[in-house]
Structure formats: C-alpha cells, structure tokens
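Chemist: Pasting a structure here, questions to come.
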Amino acid sequence: MKEFTTENVSGIITRGGTILKTARSKDFMTPEGMQKAYETIQKEEIDALIVIGGNGSLTGAWKFGVEYDFPVIGLPGTIDNDLYGTDDTIGYDTTMNTIMDCVDRIRDTANSHERIFFVEVMGRDAGFLAQNCAIACGAEAAIVPEETTDVDQLAAFMGRGIRKSKKSCIVIVSESPKCGALYYADRVKHEFPEFDVRVSILGHLQRGGSPTALDRILASITGVGAIEAIKQGQRNIMVGVRNNDVVYVPFSEAIRTDKRFDKRLIKVLDELSI
Numbered sequence: 039m040k041e042f043t044t045e046n047v048s049g050i051i052t053r054g055g056t057i058l059k060t061a062r063s064k065d066f067m068t069p070e071g072m073q074k075a076y077e078t079i080q081k082e083e084i085d086a087l088i089v090i091g092g093n094g095s096l097t098g099a100w101k102f103g104v105e106y107d108f109p110v111i112g113l114p115g116t117i118d119n120d121l122y123g124t125d126d127t128i129g130y131d132t133t134m135n136t137i138m139d140c141v142d143r144i145r146d147t148a149n150s151h152e153r154i155f156f157v158e159v160m161g162r163d164a165g166f167l168a169q170n171c172a173i174a175c176g177a178e179a180a181i182v183p184e185e186t187t188d189v190d191q192l193a194a195f196m197g198r199g200i201r202k203s204k205k206s207c208i209v210i211v212s213e214s215p216k217c218g219a220l221y222y223a224d225r226v227k228h229e230f231p232e233f234d235v236r237v238s239i240l241g242h243l244q245r246g247g248s249p250t251a252l253d254r255i256l257a258s259i260t261g262v263g264a265i266e267a268i269k270q271g272q273r274n275i276m277v278g279v280r281n282n283d284v285v286y287v288p289f290s291e292a293i294r295t296d297k298r299f300d301k302r303l304i305k306v307l308d309e310l311s312i
C-alpha cells in the first residue's frame, strides 16, 4: 500500500492507461478474495472505495459494497460506452479520435488501390464506437450488433449501390468472435470476387494514447462528483454526466440496464454514404 499525495497525481491528466497498474483479479471473484480485500481495507483504515471501470469492474464493486455494507462509488471508465445512465464514458471519445485517425490513413490506401477495407473496432456487444466512427470517418457502412439479426447487413450494404458506383470503400465492423471483419471480408471474396478486399483489425491500438479534451473534462467532473457523493453518504452508485448534469445512478441500473442505441444514426450513415 502507498499513500498518494498531490505530487503523485500531478500531471497525470495528460496520460493514458492507469498509473495504478491495475488488472482483473480472479481471487476477488471468490468469497475468500473479497474477504481478504475487506480485511485489507480495515487494516489500512480506508473509509470508501472509488472504482473506475466498465461493466465487470462496477459489478465487482457493487457486489463488494452490498456484501460488506461498505461505501463504494463507481466512475464509468470504458471505451465501449455501454454503461447506462451516462451520455459518455471515460475513454470513449479518445478511442473514437484514435480510430478516426487510423481510418483516415487507411482511406488513402483504399482510394489508391480501389479496395474495400473492413476495419474492425472494439465494442463487444455495443456498436456505439463502430456506428459513430463510421459517420466521423465518412465510411460507407457500419456493421453493428444492434442491427436486427434477421437483416443480412453485408448483403444490404453491397446491394445499396457499391456494385454500381464505387470501387473502393470503408466498412467499420464492431468486433465479434463469430462475425468480425474477417468473416465479412471472406464473404465478399466468395460472393463478390470482382472486388479487392482487405482487413485491418485495430485491436489494442484503440486503448492507448493521450486523452482528448472531452475525456479529460469528463474524468475531472465525475471525479469531483465521486468525492461529493462520499461526503453526502451515498454508496453503490455510479457517477455519470447526462445532458451536462452530474447524475448518480444506482449500480443496479448502470450495469443491468441496456444503454439505448440510437438507430437513427444508421439512417444518417446510409444517406451520407450514397
């Protein structure tokens, strides 16, 4: 254990990642691991926990807070932007800007060699990154998990006009173990052999880099909100920002409620890509 002072955290707002070097703990997922954590908290005379993370981290924080009746406050830190109750999550905007920069560079090659590029981005079961980045990058299409499962997104995209008018394009694909960028590229090779297809999986490149101004502001606002929540005696809540207001969202809602995906964005991209 190390006590942090102002000097320890001075200047970290410009840095990506975490200075705490934290990672998932399999031990903490067990009753014995949680008990050990609680004993450490008592020994070190810690009054409250502020947990920064996504669905998994906040689920663990919630269970711990309930089990030991301990004050736990969560901050939404995930590039997937899939936590309910906050407009954006810490890291989301930085990731979008990183993806945009990469796709802008890929576009040069796609145009020069008249290729279709499938660019796979993170997001797991949420298509916020893929859909919004597709609009920001001027991509011709996005393939996201929120689109209805009975729609063949690739067939719809190809049939919309690329075969008639375009020889190069960018398609942003939300990662999936079954239907990622490689899957769709392979389909195009077999179903539309006249096109030259390439795949770029951005991977962990998306998770690093200096935070954008929006992420720095969001982290600062929610950080102050977390301290205020502790002073007010609140517990088992996530601090979010909704319509520019700081809100306190129960863990049960933030984790268990699906965040609404604005399907109007699909129509926006369809019209822009004509």
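Each number in my numbering corresponds to the 1-based position in the sequence shown with 38 added.
Heads up, the beta-carbon is just placed ideally off N, CA and C, and yes, glycines get one too.
In this text the structure is predicted, and so the values were computed from the model without any measurement.
Just how far apart, CA to CA, sit residue 63 and residue 75?
Modeler: As a working mapping, residue 63 is identified with position 25 in the sequence shown. As a working mapping, residue 75 is identified with position 37 in the sequence shown. Between residue 63 and residue 75, the C-alpha separation is close to 11 angstroms.
Chemist: Report the CB separation of residue 212 from residue 168 in whole angstroms; it is logged as a contact under 8 angstroms.
Modeler: Position 174 of the sequence shown, counted from the first residue, corresponds to residue 212. Position 130 of the sequence shown, counted from the first residue, corresponds to residue 168. Contact holds; Cβ gap of about 4 angstroms.
Chemist: Does DSSP classify residue 276 as helix, strand or coil?
Modeler: Working through the sequence shown from its first residue, we reach residue 276 at position 238. In this structure, DSSP gives residue 276 an extended state, which the three-state scheme calls strand.
Chemist: Between residue 259 and residue 111, which are expected to be in contact by the criterion C-beta below 8 angstroms, what is the C-beta distance as a whole number of angstroms?
Modeler: Your numbering for residue 259 matches position 221 in the sequence shown. Your numbering for residue 111 matches position 73 in the sequence shown. Not a contact, Cβ separation roughly 14 angstroms.
Chemist: When the Cβ atoms of the segment 151-159 are set against those of the segment 223-237, are three or more pairs found closer than 8 angstroms?
Modeler: By the criterion of at least three beta-carbon pairs nearer than 8 angstroms, the segment 151-159 is in contact with the segment 223-237.
Chemist: List the whole-angstrom C-beta distance separating residue 165 from residue 299, where the pair is believed to meet the contact cut-off of C-beta under 8 angstroms.
Modeler: Start at 1 with the first residue of the sequence shown, and residue 165 comes out as number 127. Start at 1 with the first residue of the sequence shown, and residue 299 comes out as number 261. The Cβ separation is near 6 angstroms, so the contact holds.
Chemist: How long is the line joining the alpha carbons of residue 282 and residue 126, rounded to whole angstroms?
Modeler: For the purposes of this step, residue 282 is taken as residue 244 along the sequence shown, with counting starting at 1. For the purposes of this step, residue 126 is taken as residue 88 along the sequence shown, with counting starting at 1. Going by the C-alpha atoms only, they are around 10 angstroms apart.
Chemist: Classify residue 178 as buried or exposed, calling it buried when 16 or more other Cβ atoms lie within 10 Å of its own Cβ.
Modeler: Taking the first residue of the sequence shown as 1, we reach residue 178 at position 140. Under a 10 Å Cβ-count criterion, residue 178 is classified as buried, with 16 or more other Cβ atoms of the shown protein chains found around its own Cβ.
Chemist: Restricting to Cα atoms, I'd like to know which of 265, 242, 160 is closest to residue 85.
Modeler: Numbered from 1 along the sequence shown, position 47 holds the residue referred to as residue 85. It is 265 whose Cα lies nearest to the Cα of residue 85.
Chemist: Between 72, 102, 278, which has its C-alpha nearest residue 124's C-alpha?
Modeler: Locating residue 124 in the sequence shown gives position 86, counting from the first residue. Looking at the Cα atoms, 278 is the closest of the given residues.
Chemist: Any Cβ of chain B within less than 8 angstroms of the Cβ of residue 165?
Modeler: The question asks about chain B, but that chain is absent: this structure has only one protein chain.
Chemist: Is residue 99 helix, strand or coil by DSSP?
Modeler: One-based indexing of the sequence shown puts residue 99 at position 61. Three-state result, residue 99: helix.
Chemist: Would you say residue 117 and residue 225 are within 8 angstroms of each other, going by their C-beta atoms?
Modeler: Counting from one through the sequence shown, the residue named residue 117 turns up at place 79. Counting from one through the sequence shown, the residue named residue 225 turns up at place 187. No. Outside cutoff.
Chemist: Within the continuous beta strand (DSSP E) that includes residue 114, where are the two ends?
Modeler: Here residue 114 refers to the residue found at position 76 when the sequence shown is read from its first residue. Note, residue 114: beta strand (DSSP E), 110-114.
Chemist: Identify whether residue 195 lies in helix, strand or coil by the three-state DSSP scheme.
Modeler: The count along the sequence shown starts at 1 and reaches residue 195 at position 157. Residue 195 falls in the helix class under three-state DSSP.
Chemist: My output table needs one value for residue 202: the three-state DSSP class, helix, strand or coil.
Modeler: As a first step, residue 202 is located in the sequence shown; it is residue number 164 there, counting from the start. The predicted position of residue 202 is uncertain, since its pLDDT is 47 and thus under 50; no value can be drawn from it.
Chemist: Distance, Cα to Cα, residue 180 vs residue 209?
Modeler: Along the sequence shown, read from residue 1 onward, the residue named residue 180 stands at position 142. Along the sequence shown, read from residue 1 onward, the residue named residue 209 stands at position 171. Cα to Cα, the separation comes out at about 6 angstroms.
Chemist: Taking all protein chains shown into account, do 16 or more other C-beta atoms lie within 10 angstroms of the C-beta of residue 262, making it buried, or fewer, making it exposed?
Modeler: Here residue 262 is taken as the residue at index 224 of the sequence shown, counted from 1. When all chains shown are included, residue 262 counts as exposed.
Chemist: For residue 280, which residues of its own chain have a beta-carbon under 8 angstroms away from its beta-carbon, when the five flanking residues on both sides are left out?
Modeler: Here residue 280 is taken as the residue at index 242 of the sequence shown, counted from 1. Cβ within range, chain order: 123, 124, 125.
Chemist: Does the distance from the CB of residue 249 to the CB of residue 54 come in under 8 angstroms?
Modeler: On the sequence shown, residue 249 is found 211 positions in, with the first residue counted as 1. On the sequence shown, residue 54 is found 16 positions in, with the first residue counted as 1. In this structure, residue 54 lies closer than 8 angstroms to residue 249 by Cβ.
Chemist: Is it buried or exposed for residue 201, if we count other Cβ within 10 angstroms and need 16 for buried?
Modeler: On the sequence shown, residue 201 is found 163 positions in, with the first residue counted as 1. Residue confidence for residue 201 is low, a pLDDT of 49 falling below 50, so the modelled location carries little weight; the figure read from the coordinates is stated next. Burial call: exposed.
Chemist: Taking 7 angstroms as the cut-off, is the beta-carbon of residue 81 closer than that to any non-hydrogen atom of the ligand GDP?
Modeler: Of the ligands one can find in the structure shown there are none, so the ligand GDP has no counterpart to examine.
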